[in-house]
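Participant:
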Amino acid sequence: MINKVPNQLHRELMGVSGLNPWAGHDSSSRVQMFSSHLSQALVINGSSERRCQTGMEREYGKYTFSIKVPGDAEKQGGIEIIKIIERYPAKIGVDAIKFNPQTIVIYEDVITKEIGMLTIPKYCSYHQYFGFEYKAKPALSEIRIGAFIPAGTILMDTPSITDNGGYKYGTECNMAFMSHPSVSEDGIMISEDVLKRFSFKTYENRVVEWGNKRFPLNLYGTAENYKPFPDIGDRIRPDGILMCLRSYDKELSIVEQSVNALQTPDLIFDKLTYAGGEGGRIIDIRIQHSTRYNQSGLGANMDAQADKYDIARRYFYQEIVNEYQRLKRARGENLRISPEFHRLIVEALAVIDADPQHLMKLYRQTPLDDYRIEFVIEYDVTPTIGFKLTDCHGGKGVVVHIAKPHEMPIDENGNRADIVMDGNSTMNRMNIGRLYEQYINAASRDVVLKIAADLQVTKGEKGLEGKLAQADMGGSEIIDRAWNYLLGYYKILSPTMYIWFTDGEYKGKRTDHLASIIKNGIYLYLPPDNDPESEDIVKSLERYYRPIYGPVSYTGNSGTMVKTVDNVRIGSVYMLLLEKTGDDWTAVSSGKLQHFGVLSQVTNADKFSQPSRNQAIRALGESEVRIYVAYAGPKITADILDRNNNPLTHRQILQTILEAENPTNISIAVDRTVIPIGGSKPLNLIKHMALTSGWKFSYRQHVPDYGTTHQPLVIKPGK
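Counting in my numbering, the sequence shown runs from 8 upward without gaps.
(1) Would you mind giving the Cβ-Cβ distance between ARG244 and LEU226, rounded to the nearest angstrom? I have them listed as a contact below 8 angstroms.
(2) Assign LEU533 to one of two classes, buried (16 or more other C-beta atoms within 10 Å of its C-beta) or exposed (fewer than that).
(3) Can you give me the C-alpha to C-alpha distance between SER3 and ALA676, rounded to a whole angstrom?
(4) What is the residue span of the alpha helix (DSSP H) that ARG244 lies within?
(5) Identify, in the order they occur along the chain, each residue of the same chain with its Cβ nearer than 8 angstroms to the Cβ of LYS142, setting aside the five sequence neighbours on each side.
(6) Output yes or no for whether 7 angstroms exceeds the beta carbon distance between LYS105 and ILE239.
(7) Among SER579, HIS32, ALA319, which has the Cα closest to the Cα of CYS59?
(8) What residue ranges within the region 584-662 form continuous alpha helix (DSSP H) runs of no fewer than 4 residues, ordered along the chain?
(9) I believe LEU224 touches PRO235 by the beta-carbon criterion, under 8 angstroms. Please report the beta-carbon distance rounded to the nearest angstrom.
(10) Could you have a look at TYR322 and say whether DSSP puts it in helix, strand or coil?
(11) Report the partner residues of ASP310 according to the DSSP bridge assignment.
(12) So which of CYS251, HIS408, HIS657, ILE380 has the shortest CA-CA distance to VAL564?
(13) Could you name the residues of the same chain whose beta carbon sits closer than 8 angstroms to that of LYS694, not counting the 5 residues immediately before and after it, in chain order?
(14) Do you know offhand how far MET568's Cα is from GLY401's?
(15) Mind checking who CYS131 pairs with in its DSSP beta bridge?
(16) Looking only at DSSP bridge pairs, what is SER581 linked to?
(17) If we require 4 or more residues per run, which alpha helix (DSSP H) segments fall completely within the region 456-541?
(18) Considering only DSSP beta bridges, list what SER560 is partnered with.
(19) Might you give, ordered along the chain, the residues of its own chain that have their beta carbon closer than 8 angstroms to the beta carbon of TYR446, omitting 5 neighbours on each side?
(20) Suppose the cutoff is 8 angstroms on Cβ atoms and the five residues either side in sequence are ignored; what does the same chain contact list for LEU471 look like?
(21) Give me the DSSP bridge partner(s) of PHE4.
(22) Closest by CA to GLY100, which one among LYS208, LYS315, ASP487, ILE292?
(23) Quick one: grab the DSSP three-state call for HIS400.
(24) Which stretch, first to last residue, makes up the alpha helix (DSSP H) that contains ASN435?
(25) Taking the DSSP output, what are the residues bridged to PHE394?
(26) Which first and last residues belong to the beta strand (DSSP E) in which GLN109 is found?
(27) Quick check on this structure: which residue in ALA489, PHE137, VAL214 has the alpha carbon closest to the alpha carbon of GLN47?
(28) For VAL358, I'd like the list of residues in its chain whose CB is within less than 8 angstroms of its CB, leaving aside the five on either flank, ordered along the chain.
(29) Hey, quick one: how far does the alpha helix (DSSP H) through LEU351 stretch, first residue to last?
(30) With which residues is TRP217 paired in a DSSP beta bridge?
(31) Could you tell me the boundaries of the alpha helix (DSSP H) in which PHE72 lies?
(32) When you compare only the Cα positions, how much space is there between VAL710 and THR644?
(33) So TYR67 packs on ILE86, CB below 8 angstroms; how close in whole Å?
(34) For the alpha helix (DSSP H) that contains ILE150, what are its first and last residues?
(35) Say whether the region 333-342 touches the region 172-184, bearing in mind that this needs 3 or more beta-carbon pairs closer than 8 angstroms, one atom from each stretch.
(36) From LYS69 to SER607, what does the alpha carbon distance come to, in whole angstroms?
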């Protein structure tokens, strides 16, 4: 007799993989891959809780980038609010700012009596590209002067956290594993309407300085209203230009500073700053400006928009200083402030010039111009072809085809697939857990459909709870049958969950739970060490709760509706959107050079001076050059390096492209009999230093000899 070894996949020992109920059915490499994918998952707008949960989701939901009240919660600590200061308070008039991106709360710790500050922002972005808009919690409405807020109270949190603490790091999608031209090589076919659920937010930062040598153009205003940049809440213009600066020129001012010229950017000579494209919304503007030494030569009302934000900034910092001085007068030597509040006070004093000494503000050891503005731009991005999705089993893929909803596979019960992936990849990757997830979710769906049909109710029916409660008042046989049918399903999949509903731990009405699953579907508690095993669960479900399994119909590439020969199951699988986005376009461009003629570092001003990315995605370093030499040979590698480092070669390539009849089909870009290899600037500098030292390099044809030791290169003295 074979003794059964109990399941020992305890969540306490599994780390991130403990979020996967079927981690024991996936290969170790795919389990590790999911662990890394979770940290790469984006916060999506259409997130939902997972149907099958292990219980670790709520624990992970505690450790987000939430705005939490500081203090010692174990000692029943908390804060008493002293002052609430908005950076851009609401007001009426032409100087009104549409919304406030940040609020500062000055408080006193009720235990330590220390004065501190709490920052409440509107958005969160610790990534150079991705982020999310905070979701206000009910406790935020309790913020008012004199109020006591317990320590640990969450005021703002990510939208991936539900009101009851659930963690939504992805979304459920109906999956069909079947053959299709779009799913080869890990491709994904996805329904067009489902992509909206995977939409997410990105945040870009731009910095613009002007005043001493340049002035801004009136790109967002009218002839009567000079508006060089979009206000908070405004959208980026269609051409993607955020700001345009023009140099002062007295001789050409009559032409370059006319009303029409100030509204028309010169794409060649003006200094342009582009955003990420049209449609972006300005959500924050931070300005640095010194009124003591105003160096700008702007005309009347040309700096009115910038001054609006500068006045609001000074008022904000003046409120902070006033509150600090009031506390100092009231408490004297007993005043204790937190390091964060101390830093804010120092920043505020520097802005309002409370220090009589003149402060020269620098950024990276460079004095700031008269105006310096930092923009934060928010974009709503909907995934498209090239984006990468994955499940919780390391089953990642790239979107290669977007289909209309009516083109997606549909079974005889009307269940339509949201995503189609290759079923053979499951065997190749050995992540069998995704099949168990799809099967169980399909069974849960069909169980709900049967219960709703037996009770003669529908999902969107109004007054559903009351109707079921009224039917149960007299001990309805239909309610009993539906309840026992559901408990039998729980008993097969999760004995622990079955006990919750049978031993009295569940305190609610059974009709309320029936109404809940009819409205929202079934959610299961399936820890990795769940007993029984998945194989036994499937055997029992096939006998008592078998989900639908048959041919599906879909619209093929020919545009006609076809029906599959083999059976295809459509069931829900939890999907994540990874940060491997496919909307970053690039363009070919010449490299930026120093005054010596060698390549120089590309700055942020260079990156955003064009509407597209004009620097290489991947530069050739020492390792890349060695690989090129090993596989392609030294001549090809030298030719590639010479094209961007040799001014003569680079000039000839540009001329060839401009003069070619078909610029995308050029057989020879540069004639090496006219411009030989070896004239690059870095190499010429080395040769020049060698000649001034009295020696030079001597070229020798390299002949690989794997049987002998290579001889060192001979260096001959120069003449």
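Beta carbons: idealized from backbone N, C-alpha and C, even for Gly.
Facilitator: Taking the structure as given:
(1) 7 angstroms
(2) buried
(3) With the chain covering only 8 through 726, there is no way to say anything about residue 3.
(4) Segment: none, ARG244 is in no alpha helix (DSSP H) and carries neither H nor E.
(5) MET163, ASP164, THR165, PRO166, ILE168
(6) yes
(7) SER579
(8) 611-614, 629-639, 641-652
(9) 6 angstroms
(10) helix
(11) Answer by DSSP bridge pairing: none, since ASP310 is not bridged.
(12) Rather than Val, the amino acid found at residue 564 in this sequence is Asn. Considering only alpha carbons, the answer is HIS408.
(13) LYS703, PHE704
(14) 32 angstroms
(15) PHE139
(16) The displayed chain sequence assigns Tyr, not Ser, to residue 581. GLU179.
(17) 471-479, 484-500, 502-509, 517-527
(18) ILE417, LYS570
(19) VAL545, LEU548, PRO554, ARG576, GLY578
(20) VAL464, ALA522, ILE525, LYS526
(21) What is shown of the chain runs 8 to 726, which leaves residue 4 out entirely.
(22) LYS315
(23) coil
(24) 431-436
(25) According to DSSP, PHE394 bridges with nothing at all.
(26) 109-116
(27) PHE137
(28) ARG320, ARG321, TYR324
(29) 346-358
(30) TYR378
(31) Counting along the chain, PHE72 falls outside any alpha helix (DSSP H), and DSSP gives it neither H nor E.
(32) 17 angstroms
(33) About 26 angstroms; that fails the 8 angstroms criterion.
(34) Looking at the DSSP string, ILE150 is not in any alpha helix (DSSP H), and its letter there is neither H nor E.
(35) no
(36) 46 angstroms
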